[in-house]
Amino acid sequence: KYRCSIIAAEEVPTEEVDKYGIVKGKLLDDGNIRIKRMVEKPAPQDAPSNLAVIGRYILTPDIFEIIRNTPPGKNGEVQLTDALQTQAASGKVIAYSFQGRRFDCGSIKGFVEATNFFFDRQSELC
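Under my numbering, read the sequence shown as residues 1305 to 1430, first letter to last.
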């Protein structure tokens, strides 16, 4: 439909924006957002919104060349968010606002929450 990169995003509490890439953009008629700005792990006072990138992407092939030309950013690493910001500046990134249950298994707390959630429902799932 859009012929551009699409990322999944979800609102997070303001005090947690420093754990995510954060996006800001223009709301489209279908509820998606055309991203104008992306920032990797900003301090809460510097975050353009509380809409976080949650690690699900459909990317156009040109992103690989953009990544190759992206200098190291936060923590001295090349950040996908920085490369996506380059695409976003051209209006070529859409955020799909994710609705539903999600677990952040990148932290011990999130991993335990996910484990407990599925353990408690194992009879329903098996």
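No residue lacks a Cβ here, since even glycine has one placed at the ideal position from N, Cα and C.
Practice task
Quick one: using the 10 Å Cβ neighbour count with 16 as the cut-off for buried, is Glu1344 buried or exposed?
Solution key: buried
Practice task
From the DSSP output, read off the bridge partner residues of Tyr1324.
Solution key: Answer is none; Tyr1324 lacks a bridge partner.
Practice task
Keeping to the same chain, check which residues put their C-beta closer than 8 Å to that of Ser1309; ignore five residues upstream and five downstream.
Solution key: Tyr1361, Ile1362, Leu1363, Thr1364, Ile1367, Leu1388, Gln1391, Lys1396, Val1397 and Ile1398
Handout entry: Gly1380 versus Cys1430 - alpha carbon distance
Key = 44 Å
Practice task
Tell me whether the beta-carbon of Ile1339 lies closer than 8 Å to the beta-carbon of Gly1325.
Solution key: no
Practice task
Give the secondary structure of Glu1381 by DSSP, where H, G and I count as helix, E and B as strand, and everything else as coil.
Solution key: coil
Handout entry: Beta-carbon proximity list for Pro1348, same chain, < 7 Å, skipping 5 on both sides
Key = Thr1318, Glu1319, Val1321 and Asp1322
Practice task
Look up Arg1341 in the DSSP assignment and give the residues it is bridged to.
Solution key: Lys1328
Practice task
Entirely within the segment 1383-1430 and at least 3 residues each: give me those beta strand (DSSP E) ranges in chain order.
Solution key: 1397-1401
Problem - Own chain partners of Lys1378 with C-beta closer than 7 Å, once the 5 adjacent residues on each side are dropped - result: Glu1344 and Lys1345
Exercise for the section: Report yes if the C-beta distance between Val1357 and Val1316 is below 8 Å; otherwise report no. Expected result: no
Practice task
Could you tell me how far apart the beta carbons of Glu1314 and Phe1421 are, in whole angstroms, since I believe they sit closer than 8 Å?
Solution key: Rounded, the Cβ-Cβ distance is 17 Å, inconsistent with contact.
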